[in-house]
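Heads up, the thing below is written out as structure tokens.
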Amino acid sequence: LSDIRKCVQEAFGVRLCIWQLKVIEVLLRRDADIVSIAGTGMGKTITFYAILAFKAKGSVQIIVTPLNILGKQNVACLEKAEE
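Quick note on this note's numbering: the sequence shown kicks off at 22 and runs consecutively.
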């Protein structure tokens with residue numbers, strides 16, 4: 022978990038909570054499905070952004086959002102992280 026925390030902090034400037042680390046760990050293992058339930062603003066989004074920190078540059082990840090505004094927020098956040 023400490024390797025995940027360090028990598029995500031370097032890539033996105035965010036220090037993860039233990040529940041976020043555990044979600045990311047399962048996603049990286051790719052051996053189980055996972056459902057993450059947390060309140061608005063608790064940091065669910067970073068759990069799927071974090072996977073990008075472990076993929077090769079130029080990799081594609083498709084993110085489906087229920088609202089256009091959420092999609093625009095995702096794009097803005099990832100563009101900021103890329104800088």
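Even for Gly, the Cβ is constructed at its ideal location relative to N, Cα and C.
K76 sits in coil when the DSSP states are folded into three classes, being neither helix nor strand.
Closest in C-alpha terms to Y70, from the list V35, A53, N89, comes V35. DSSP places Q41 inside the alpha helix (DSSP H), whose first and last residues are 39-50. Rounded to the nearest whole angstrom, the C-alpha separation of K43 and G60 is 17 Å.
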